[in-house]
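Participant:
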Amino acid sequence: SKTNTICKKCAQNVKLYGTPKPCQYCNIIAAFIGTKCQRCTNSEKKYGLPLACEQCKQRCAFDRKDDSKKKV
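Last residue of the sequence shown: 72 in UniProt numbering, with the numbers rising by one and none dropped.
1) Among all the DSSP beta bridges, which residues are the ones paired with I33?
2) Taking C-beta to C-beta, are Y25 and C40 nearer than 9 Å?
3) Hey, how far is the Cα of F62 from the Cα of K45?
4) Once DSSP output is grouped into helix, strand and coil, what is the label at A52?
5) Return yes when the Cβ of P20 is within less than 9 Å of the Cβ of N13, no when it is not.
6) Tell me the DSSP bridge mates of A61?
7) Kindly provide the ranges of any alpha helix (DSSP H) runs that are 4 or more residues long and lie completely inside the stretch 6-31, ordered along the chain.
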């Protein structure tokens with residue numbers, strides 16, 4: 001039989017919202033509410049619409065400007 005390993009957070013979300021769908025931006029199966037995962041939802045609010053990633057060509061690259069350099 002097939003066994004699935006699932007973290008506590010995802011298990012809780014499955015109980016609350018049902019099986020997740022692929023995120024419309026990053027394609028990770030983590031869109032519990034609506035069409036976007038939590039990371040992409042938050043990034044879209046903070047940075048605007050995503051751009052096409054130069055490597056994978058998906059529209060999941062958020063322009064963070066200089067945010068990544070501020071954390072040092």
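Beta carbons are placed, not taken as given, at the ideal position from N, Cα and C, and that holds for glycine.
Remember, predicted model here, so these are calculated numbers, not experimental data.
Facilitator: The relevant details are as follows:
1) Counting from 1 along the sequence shown, the entry for residue 33 is found at position 33. Residue pairing by DSSP leaves I33 without any beta bridge partner.
2) To locate residue 25, count along the sequence shown from 1; it is residue 25. To locate residue 40, count along the sequence shown from 1; it is residue 40. Contact flag set, yes.
3) Here residue 62 refers to the residue found at position 62 of the sequence shown. Here residue 45 refers to the residue found at position 45 of the sequence shown. The straight-line gap from Cα to Cα measures roughly 10 Å.
4) Reading the sequence shown from its first residue, position 52 is the one you call residue 52. Coil.
5) On the sequence shown, position 13 is the one that residue 13 refers to. On the sequence shown, position 20 is the one that residue 20 refers to. A contact, by the Cβ cut-off of 9 Å.
6) If you number the sequence shown from 1, residue 61 lands on position 61. Residue pairing by DSSP puts A61 in a beta bridge opposite L51.
7) Counting only runs of 4 or more, we get 8-17.
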